[in-house]
Structures are given as C-alpha cells and as structure tokens.
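In the working numbering, the protein residues as written are 4 to 351.
Glycine is no exception: its CB is placed at the ideal position from the N, C-alpha and C atoms.
Single-structure report; data block below.
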Amino acid sequence: MTNVRALVLERQHELKLRDIDLPQTVGPGEVRIKIHTVGICGSDVHYYTHGRIGPFVVEAPMVLGHEAAGTVVETGEGVDHLKVGDRVCMEPGIPDPNSRASRLGLYNIDPAVRFWATPPIHGVLTPYVVHPANYTFKLPDNVSFAEGAMAEPFAVGLQAAAKAKIAPGDTAVVIGAGPIGTMVAIAALAGGCARAIVADLAQPKLDIAGGYQGVIPVNIRDKSLAAEVKRLTDGWGADVVFECSGSSKAWETLLDLPRPGGAAVVVGLPVAPVALDIATASTKEVRIETVFRYAHQYERAIALMGSGRVDLKPLISATFPFEDSITAFDRAVEARPADVKLQIRLPD
C-alpha cells in the first residue's frame, strides 16, 4: 500500500481531498495507469448525497470515480497487448473469472464482481491506479482521454441496445435525457434504429440530445409522450422503449408506448418497487429486458468512437481540475438542466 492523494468520500455528505493508502504494486497480468480524466457518474453523486445505493452502503472512507482514461506507465509480467505509453480506458468491474456467471459470459452479474467506487471498493479519483490488463483497453489515436472516459457510460447504452435486439429501421423511445438516456439513444441509432424519440422534462438536455441526427426530442412538460409516439408511428407504437429515468412515474404509462410484440428495456433503477401492468404486457406480448452495467461492450464502444460514427464530445458539459473535485461534485448535486456529463482532469 502507498499513501496517495485522492478524492475520498468520508461518509454521507462529506468529501475530502486527502492522502489515503491505496495499492500501487503491479502484479502479473496487471498494469499501472496514470489517470488523466474521470467522469462523475450518478452513482458517485448518489453515494455522496445518500450514503448508499440499495444494499451497497458506505461504511468506511471510499475513493470515488469509475469512468476513467489514462496512460499505461508500468506493465506486469505476462502483459503483452499493452505497453508503457499506451493511452487507455478501463472497464471498472473485475469479476471472478471462475464464477458460474463469468463462465456463462455474464460476468457483469457475477455476485463477486469488484467494481470501482462501489462499497467497499475504492474508485479512481487519484493520480495512479493498478488494474488487470484484460480489462484495460487501448484508445485509438483520434479518441481523446475525455472521450475515453465516456466509454463506461456508453457501454451501458450498448448493453441496452444489444438487449433490445434492434432490427434495422426500428423506432425507439428513450425516457430520460440524462447521460445514460442520451447515450442509449445514440447506441440505439448506431445499432440500427432509424429514429429515437427522447423524452425528458429538461429542455436544455433535450436540446443537446436533439443535436444528434435521428433524435426526436419531446418535452413531457408540454406534450403527452404516449400521444406523440402514436402520432409518429401512425398509432402502432415504438418497436423498443428504453426506460432510463429511474422514475416510478414513468411506469404508469410505459406499456402504452411499445407496439404489439415490442420490447421494453429497463435501464434506470427506481428507488422503490413499481407497479407493472401484467395484463397489458401480456395482451401486447411486450418483451421486457433488464440491464445491469454491461458485458463485452468496451471494445464496441471504442470502435464506434474511433470510427467517427459516434461523437460523445457534445455531452461533456464542463471539466474541473482535480483540486476542484469537491466543487465539481457539488455542481453535480445541483443537477443543472444543461449539464449532461461533468468530468475531472488529473494533473499532468
């Protein structure tokens, strides 16, 4: 263990930039990475404001941050696909490779997964981290560190699109225009959807999402989403609906949106159980899929960014220096209508 500077969540409502002991020794199959950029995720903010997410409770000081990109500065024994100087982003969840879930290819739902900034595992808002090389991915030269740090939330979007089983020309509805909702819409379009109807209450976020070709923004303060979907689909309904808001209210009318035989993909996590209209789901034979993080999506996310088909830069609202990390988190807590993704840059 080495004493290093980090952004530490001491307890609910209390953040400090201070020194903390973190592992820095590089073992076989690992790499040491100099962190460049870290995105602030809604889960980081939730731990700050609530001290817990479901069964995951902050019971001891924890370093925040899991959306990250940086540069390899040391490689361990047996690492041959990465070298010192490589620009990389890192998948933050490390499963047990021998677990039944991992052997089935479902490593994201391995109960033993160790995920950055999920209690009691430390995150990466610190200058250097050590990580398994197999969960570290080289960035193309034309993908910036800031974009590389967006690979993590974009992977969630790709997981949702994969679960939807999109067919070319499909119409999607995305409820919620936050970072995940907008990236789900982008992923759905990249996966073959002809258009994505994105619904939210915040017009500035809708304006950002609406800047992407194929996105149709709908402000549900002014319009009925169900009525707009019917109008745009000649009364048939959407092929797939992505619920990304986590709002229990969204479930009151969610099943009005998909067409008969369509799909509903659950991405947002309500804080309490919601009612599900089984009769409507059954009579329309709506297929319901769920998403928990992602599996096997990082290389796809990086490939799409590197190809130029996906540009995530418009979603970056502001970047803060590491010394202003607490200010950055306090702004994230404000949830300004025009903010999509806030990032923190570590010292060079």
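Rounded to whole angstroms, what's the CA-CA distance from residue i to residue j? Just pull it up for me.
i, j, result
"V177", "T5", "44 Å"
"R8", "N222", "43 Å"
"P26", "P350", "20 Å"
"A163", "L109", "14 Å"
"G249", "P207", "19 Å"
"S386", "I211", "Residue 386 is absent from the model: the chain starts at 4 and stops at 351."
"G32", "M308", "27 Å"
"A229", "T121", "36 Å"
"G151", "D144", "11 Å"
"Y301", "C92", "9 Å"
"Q216", "A167", "20 Å"
"P324", "E13", "20 Å"
"D259", "V76", "52 Å"
"E255", "V66", "37 Å"
"K316", "A282", "42 Å"
"I329", "G54", "16 Å"
"L85", "A298", "21 Å"
"R90", "R21", "27 Å"
"A115", "A197", "39 Å"
"T28", "G79", "9 Å"
"L257", "K233", "13 Å"
"L279", "V244", "15 Å"
"L235", "E94", "38 Å"
"V218", "G81", "45 Å"
"K226", "H69", "36 Å"
"D314", "A304", "11 Å"
"S285", "P261", "12 Å"
"G181", "S102", "33 Å"
"I112", "R334", "32 Å"
"H134", "R224", "44 Å"
"G73", "I23", "20 Å"
"I36", "F118", "17 Å"
"A231", "Q15", "The sequence given here places Glu at residue 231; Ala does not occur at that position. Whole-angstrom Cα-Cα distance: 41 Å."
"V201", "K344", "17 Å"
With H, G and I counted as helix, E and B as strand and the rest as coil, what does DSSP make of residue i?
i, result
"N101", "coil"
"H39", "strand"
"Y131", "strand"
"G265", "strand"
"N111", "helix"
"E231", "helix"
"R198", "strand"
"I291", "strand"
"A163", "helix"
"I183", "helix"
"P283", "Here the sequence assigns Thr to residue 283, which means Pro is not the residue at that position. The answer is helix: DSSP assigns T283 an H, G or I state."
"K344", "strand"
"I305", "helix"
"V87", "coil"
"R312", "coil"
"V243", "strand"
"R106", "helix"
"V116", "coil"
"Y51", "helix"
"I189", "helix"
"Y158", "Just to set this straight, residue 158 is Ala in the shown sequence, not Tyr. Helix."
"G45", "helix"
Which partner residues of residue i appear in the DSSP bridge assignment?
i, result
"M93", "T139"
"K19", "V11"
"I56", "F59"
"L25", "T5"
"P273", "The partner list for P273 (beta bridge, DSSP) is empty, contrary to what the question assumes."
"D203", "N222"
"E436", "The question about residue 436 has no answer here: the residues shown for the chain are numbered 4 through 351."
"V66", "V11"
Quick one: give me the first and last residue of the alpha helix (DSSP H) that residue i is part of.
i, result
"Q206", "206-212"
"S328", "328-337"
"C150", "Position check: residue 150 holds Glu in this sequence, whereas Cys was assumed. Its alpha helix (DSSP H) spans residues 148-151."
"E255", "Per DSSP, E255 belongs to no alpha helix (DSSP H) and is neither H nor E."
Mind checking which residues open and close the beta strand (DSSP E) that includes residue i?
i, result
"E77", "70-78"
"S320", "319-324"
"D237", "Here D237 belongs to no beta strand (DSSP E), and DSSP marks it neither H nor E."
"V82", "Note, V82: premise wrong, no beta strand (DSSP E); not H, not E."
"T174", "174-178"
Thinking residue i and residue j are a contact (beta carbons under 8 Å), I'd like their distance in whole angstroms, please.
i, j, result
"E292", "V268", "5 Å"
"G271", "E246", "5 Å"
"T52", "V336", "6 Å"
"R312", "A193", "6 Å"
"V159", "V294", "7 Å"
"A253", "T174", "Contact flag wrong, Cβ pair sits at about 18 Å."
"V41", "L128", "5 Å"
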